[in-house]
Every structure is written in structure tokens, then in C-alpha cells.
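S.K.: For the protein sequence lines, the chains are A and B, in the order given.
In this text, residue positions in the first sequence follow the numbering used here: the first is 14, and each later residue adds one.
In this text, residue positions in the second sequence follow the numbering used here: the first is 14, and each later residue adds one.
2 protein chains.
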Amino acid sequence: MKLLVVGSVAFDAIETPFGKTDKILGGAATYISIASSILGIESGIVSVVGGDFPQSNLDMLTNRGINIEGIEIIKEGKTFFWSGKYHNDLNSRDTLVTEVNVLENFDPKIPESMQDAEILLLGNLHPGVQLSVLEKMRNRPKLIILDTMNFWMDTAMDLLQQMIGKTDVISINDEEARQLSGEYSLVKAAQKIHKMGPKFVIIKKGEHGALLFHEGKVFAIPALPLEDVFDPTGAGDTFAGGFASYLARKKDFSFETMKSALTVGSAMASFTVEKFGTQRLEEVTESEMLARIQSFKELTTFEVNV
Amino acid sequence: MKLLVVGSVAFDAIETPFGKTDKILGGAATYISIASSILGIESGIVSVVGGDFPQSNLDMLTNRGINIEGIEIIKEGKTFFWSGKYHNDLNSRDTLVTEVNVLENFDPKIPESMQDAEILLLGNLHPGVQLSVLEKMRNRPKLIILDTMNFWMDTAMDLLQQMIGKTDVISINDEEARQLSGEYSLVKAAQKIHKMGPKFVIIKKGEHGALLFHEGKVFAIPALPLEDVFDPTGAGDTFAGGFASYLARKKDFSFETMKSALTVGSAMASFTVEKFGTQRLEEVTESEMLARIQSFKELTTFEVNV
């Protein structure tokens with residue numbers, strides 16, 4: 014199955030307790046597509062960058078088999094840039110700079126070669142832009158996965174509600190689930206979000222893992238306990254990319270397959286946090302990925318015989 | 014296997030967003046022993062109460078098969094009393110009243126009938142009192158499980174370090190693990206705590222579940238996502254009681270058995286939080302317990318075939 018990814022391709026400058034970077038490659042669509050390429054899935058990015066975006070980054074994506082026909086280059090514009098500094102616990106961060114640049118007037122264009130994508134993963138973007146992608150697709154994809162954030166709940170709630178209503182799987186963090194639903198209990202929050210549309214609700218809890226809710230059932234996957242989280246940037250996007258790509262690989266959207274997909278997403282995300290930016294993810298081999306998934310099996314498997 | 018439990022038998026007055034109680038039965042040893050009785054384990058409590066402690070509470074324990082020979086009654090004294098108010102998120106609380114009362118000069122006495130206990134579970138108490146229990150046992154129990162809290166790290170660290178040095182399994186929460194080790198990463202914290210003595214380190218994360226570390230291996234169990242946590246009081250003690258009792262039932266202290274024990278402890282704790290105090294735990298039947306353990310299997314089981 015083909016995966017269409019709509020999201021940012023960007024520059025980040027990151028500071029953590031372990032060091033800092035200059036402008037490096039970032040953006041949700043970047044992490045998602047690299048994760049997909051590790052899983053051998055044909056993905057295509059729809060995004061926009063400026064004339065300052067290096068050809069070498071585009072080549073890296075192409076060399077991984079990622080379809081970049083949908084990345085528009087606005088020569089006279091500048092690429093989206095985010096800079097942030099993580100606190101000592103790496104669970105919170107301050108945004109130092111956000112330059113929206115060419116993303117301000119992003120008008121997504123779906124290349125003909127991706128019109129037949131069966132899975133659409135909408136990375137965190139203005140919900141109006143996310144809705145416009147649906148209108149531009151000739152057929153509704155078989156599965157629509159939505160990532161969003163609290164910023165759009167504060168600034169574009171009506172459009173966001175419309176978008177959520179057209180979504181099959183929503184992926185948000187615990188605080189966002191609470192804000193979106195007005196419920197503190199994540200079980201109740203998921204129930205309310207189901208009523209907004211999505212049959213599958215993923216709630217991400219960072220170092221505490223993630224929950225998947227579906228038709229009154231729930232699945233929990235812990236995060237892999239790590240000695241150090243070096244840089245959390247892109248972990249959520251990598252998770253979404255691993256999740257969607259496993260579904261694409263299995264060509265199945267059942268709850269059982271989604272549980273496995275959640276695990277694969279978590280395993281992929283555990284690589285991303287080991288180095289700055291996409292650095293570690295770009296190095297991951299298939300055998301490393303399989304070993305990491307096995308670590309999750311060992312982390313979570315038990316037999317009880319009371 | 015017999016389980017010796019040393020810890021408080023007390024009164025609590027609890028306020029949560031859902032209501033409040035007068036003085037009700039509480040105390041670590043109470044929760045631990047009730048959990049043990051559900052699992053059919055012969056446990057004995059060593060504790061102290063005042064003349065104000067109702068015979069009906071003692072009868073309830075006896076009727077469950079719990080050995081209360083080691084509960085000293087100081088007629089002229091008053092029972093330990095704690096009162097607290099939980100915040101809206103139920104993850105934090107304010108202590109309103111702590112009356113230490115007869116626990117102030119607690120001098121634990123091990124009844125002859127419990128000298129042959131193979132598992133010793135030391136509930137949260139002054140580490141000097143915990144150490145004195147070891148001196149009073151004719152033989153070292155096969156397994157010593159220690160619960161403690163940050164209060165003793167602040168006020169009696171030397172004695173606590175001695176006690177930890179004699180412990181096989183330590184059970185503490187994430188903040189306590191960080192304070193005890195000086196490490197933010199829970200993996201690094203567990204490594205440092207291993208060096209203090211315990212071969213098994215359990216780190217409790219409340220609504221996010223628990224981790225078990227042993228010889229470089231790690232196991233994670235999520236908490237069961239609940240619609241409402243009604244009253245978290247006693248959840249950690251119930252967890253410890255379920256954990257120790259499963260080991261007693263299996264007569265085995267391997268990492269594999271401890272993983273299962275952690276799951277049983279989590280399942281038991283998920284009952285405790287459903288009502289005030291010990292109310293829900295006292296109602297739990299064996300079939301309910303087995304069903305709850307099955308829920309944990311469903312919550313955590315996945316198959317990945319990449």
C-alpha cells in the first residue's frame with residue numbers, strides 16, 4: 014500500500030541538556046517518510062520548502078525511495094524554521110523561534126503519482142489545509158490518520174472539528190486529548206473523541222508510552238526505558254510514520270493490526286530520540302529495527318497462571 | 014509460603030473530588046494483607062494500634078485468615094491517623110493531619126507463629142524500625158521486600174541506606190527513585206539503586222504503571238486505564254501485597270515470576286482505587302481477580318510480524 018504524507022519539511026535548531034545544533038533537517042513529513050522507508054513502504058510527501066532548502070536533503074529523501082514530486086519549492090521563499098530549547102527533564106521545552114515562512118500560504122498539491130495512495134497521514138498543520146487535501150484527492154483514501162496539536166484547538170477549533178469528523182485514526186498526546194474532550198480521565202476523553210468521528214484514538218504519553226482505544230477496547234504500549242533521551246524532537250512523527258507504514262505493509266486496519274502498528278511506531282520512535290534530529294533514524298537498518306521490536310516484546314510479555 | 018507484613022494499621026480520613034470519608038480503616042499492612050487473603054496466602058501482620066481501634070476491624074482481618082497475633086494493642090494509646098485531600102487530577106494530594114500516636118514508639122514484635130515466614134514485606138515505616146525487624150527474625154527470610162518513601166530519604170538516609178543494603182526487592186515511585194539515586198533517567202536510577210543492594214528494583218509510576226529492573230533487563234506493565242480513579246489511597250500497598258503474594262503462591266523468585274507478580278499487583282491495585290479505602294478490595298472475589306488479570310493480558314498483548 015502507498016502512503017501519502019502531508020506535513021512540514023523544515024529546519025530545526027535544537028538545544029538539549031546534551032548539546033545544541035545549528036539549522037538541521039526537520040519537519041513532520043521528513044520523520045514520517047524516513048520511518049516509512051525503513052519499513053519498505055512507498056511514501057510520497059506533499060509539502061513546501063523555500064529556495065534555501067538544500068538539494069542534498071531532497072536527494073537523501075529520493076535515495077530512500079521517497080516520492081518528493083509533491084514537495085513544492087518556492088525559490089524566493091524561505092523554509093519553515095523552528096528553534097527550541099528542552100528543559101532538563103526533556104519532557105517540556107520552550108520555543109525560541111518560529112518562522113512559518115513558505116508554510117504560511119501552503120497550498121498542497123497532490124501529484125498524480127500519489128492520487129491512488131490508500132493511506133493518508135496528515136501531519137500537524139492548519140486544519141483548513143488538512144481539509145483541503147481531502148478535497149483534492151480524487152477518491153477518499155481507505156484510511157485517514159490525523160495528527161494535530163493544542164495550538165489548533167486554541168485558534169481553529171471549528172475547522173479542526175470538521176477535520177476530526179472525517180478522520181479514521183487520530184493521534185494526539187494526553188494533554189491535547191484532555192483539552193479536546195474537556196475530560197481528565199483518558200478513558201472518558203477517548204469516548205468523547207470517538208463521538209467526534211475517529212473509530213481509533215491514539216493517545217501518546219511520551220516516556221510513558223501510548224494508548225489505543227477502539228470500540229470500548231484499549232491497548233497500552235509502554236515506551237522503551239532509555240538511559241538517555243538525547244533529543245525528543247520528531248519522536249511523535251516517527252511514531253506516526255512507523256504506525257502508518259506497518260498498516261500499509263499488512264494491508265489491514267483491524268484493531269489487532271493497529272496494536273502491532275503501535276508497537277512498531279514506538280520502536281521506531283525509540284531510535285529517533287537517541288541522537289539529534291533525523292540523524293539516528295537515517296542510520297537504522299532493518300535488522301536493528303527487528304531487534305528493537307523484539308525488545309518491546311521482552312519489555313511487555315508476561316505469563317500469569319494464578 | 015507465609016508472608017510476614019510489617020507496617021501501619023491505621024485510620025484515614027480521605028477527601029477526593031468525588032466525596033469524603035470520616036475516619037476509616039487504613040494503613041499499609043491492612044491493604045497488603047487483604048490483597049494476600051484474596052490470593053489465598055497466609056499472611057501475618059506486625060503492627061501497633063491504640064485502644065480506639067475497633068474490634069470489628071480486627072475481626073474482619075481474622076475472618077479473612079490473616080494472622081493478627083503481631084498486632085499490639087496499646088489500650089491507653091491512639092491509633093495512627095492520617096487525613097488528606099486529593100487534588101482534582103488525583104495524582105497529588107495535601108496532607109491535612111498526621112497523628113503518629115502509637116506508631117511513634119513502635120517496637121515490632123514477631124509472633125512465634127510468623128518466625129518461619131519465607132517472605133518479609135516491610136511497609137513504609139522508619140528505616141530504623143524496619144532494620145529492627147530483621148534483627149528480631151531468627152532466620153533471614155528468603156525474600157525481603159522493602160517499601161519506603163522520600164520522607165525517610167530526607168530524615169533518616171543513613172539508616173535507610175543500611176536497610177536498602179539488606180533488601181532483595183525495593184518498591185518505590187518514580188520521584189523517590191530519582192531522589193534516592195540523583196538520576197533523572199529511571200534506567201540510570203535503577204542501575205544506581207541496584208548498586209545499593211537490591212537485585213530487583215520496582216519503580217511505580219501511578220497511572221502510568223510500573224517498571225521492574227533486574228540484571229540489565231527491564232519489564233514494563235501499564236496501569237489499567239480507568240474511567241475514574243475514585244480514591245488512590247492504598248493503591249501502592251495493594252500493589253505490593255498482590256506482588257508478594259503471587260511470589261508466595263508460586264514459591265519462586267525468578268525474574269519471569271516477578272513479571273507476573275507485578276501484573277497481579279497492578280490488577281489488585283486497580284480494584285482499590287474504585288472506592289474509598291479498603292471497601293472495594295474487601296469485596297473482590299477470586300473470579301473478579303482472574304477476570305481483571307485477563308484484562309491486563311488483553312491490554313498488553315500484541316503480535317508483530319514485520
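For every residue, glycine included, the Cβ atom is placed at its ideal position computed from N, Cα and C.
For clarity, every value in this text was computed on a predicted model and none was experimentally measured.
1) Measuring alpha carbon to alpha carbon, tell me which of B/Gly247, B/Lys36, B/Ala261 and B/Ile183 ends up nearest B/Val214.
2) In the stretch 262-279 of chain A, which residues sit with their C-beta less than 8 Å from some C-beta in chain B, listed in chain order?
3) So which residues on chain A does B/Asp102 lean against when the C-beta distance must stay under 9 Å?
4) Measuring straight from C-alpha to C-alpha, what distance separates B/Thr298 and B/Ser46?
5) What residues from chain B crowd round A/Pro235, counting only those whose CB sits closer than 9 Å?
6) State yes or no: is the C-beta of B/Leu109 within less than 7 Å of the C-beta of B/Ser96?
7) Just to confirm before moving on: does the CB-CB distance between B/Ile87 and B/Ser50 stay below 7 Å?
8) Looking at C-alpha atoms only, which residue of B/Gly39, B/Leu199, B/Met162 and B/Glu220 is the closest neighbour of B/Phe94?
9) Do A/Ala274 and A/Phe252 have their C-beta atoms within less than 7 Å of each other?
10) Shorter than 7 Å from the beta carbon of A/Glu112 to some beta carbon of chain B?
11) Find the residues of chain B that neighbour A/Lys218, judging by a C-beta separation of less than 8 Å, and give them in chain order.
12) Would you mind listing the alpha helix (DSSP H) stretches within the stretch 265-300 of chain B that are 4+ residues and don't spill past its ends, in chain order?
13) Does A/Pro245 get closer than 7 Å to chain B when you measure Cβ to Cβ?
14) Taking B/Ala190 as the reference, give the member of B/Lys179, B/Lys205 and B/Met176 with the closest Cα.
15) Just confirm the distance between the C-beta atoms of B/Asp187 and B/Ile216, as a whole number of angstroms; I'd bet it's less than 8 Å.
16) When DSSP labels each residue in this structure, what does B/Asp250 get in the three-state scheme?
17) For B/Ile306 and chain A, any beta-carbon pair shorter than 7 Å?
18) Nearest-angstrom Cα distance between A/Thr168 and A/Gly141?
19) Are the stretch 232-248 of chain B and the stretch 146-158 of chain B touching by the rule of at least three beta carbon pairs closer than 8 Å?
20) For A/Ile123, report the span of its beta strand (DSSP E) as first-last.
21) Please list the terminal residues of the continuous beta strand (DSSP E) segment that includes B/Ala203.
22) Put B/Lys212 into one of helix, strand or coil per three-state DSSP.
23) On the DSSP bridge list, what partners appear for B/Leu16?
24) Against chain A, with Cβ distances strictly below 7 Å, would B/Val182 count as a contact?
25) Rounding to the nearest angstrom, what Cα-Cα distance links A/Tyr259 and B/Glu287 in this structure?
26) Within the continuous alpha helix (DSSP H) that includes B/Phe164, where are the two ends?
27) Could you please give me the residues that DSSP links to A/Ile81 through a beta bridge?
28) Using beta-carbon positions only, say whether B/Thr313 and A/Thr34 come within less than 7 Å of one another.
29) Quick check on A/Gly64: does DSSP put it in helix, strand or coil?
30) Going by alpha carbons, who is nearest to B/Ile58 out of B/Ile27, B/Phe66, B/Val18 and B/Ala26?
31) With a threshold of 8 Å on Cβ separation, who are the neighbours of B/Asn76 within its own chain once the five nearest residues in sequence on each side are excluded?
32) Among the candidates A/Val146, A/Glu28 and A/Asp160, whose CA atom is the shortest distance from the CA of A/Gly83?
33) Hey, would you say B/Gly278 sits closer than 7 Å to B/Gly255, going by beta carbons?
34) Return no unless some Cβ of chain B is closer than 7 Å to the Cβ of A/Pro30.
35) Could you name the residues of chain A that B/Val200 contacts, counting a contact when the two beta carbons are closer than 8 Å?
36) Are the C-beta atoms of A/Val286 and some chain B residue less than 7 Å apart?
M.R.: Answer, in terms of the structure:
1) B/Ile183
2) Arg262, Glu269, Lys272, Ser273, Leu275, Thr276 and Val277
3) Tyr197
4) 15 Å
5) His221, Gly222, Leu224, Ala233, Ile234, Pro235 and Thr313
6) yes
7) no
8) B/Gly39
9) no
10) no
11) His221
12) 268-285 and 292-296
13) no
14) B/Lys205
15) 6 Å
16) helix
17) yes
18) 11 Å
19) no
20) Where A/Ile123 is concerned, there is no enclosing beta strand (DSSP E), given that its DSSP letter is neither H nor E.
21) Not the beta strand (DSSP E): B/Ala203 falls in the alpha helix (DSSP H), residues Leu199 to Met209.
22) coil
23) B/Ser56 and B/Ile132
24) no
25) 37 Å
26) Asn163 to Thr168
27) In the DSSP output, where bridge partners are listed per residue, A/Ile81 has none listed.
28) no
29) coil
30) B/Val18
31) none
32) A/Val146
33) yes
34) no
35) Pro238, Leu239 and Glu240
36) no
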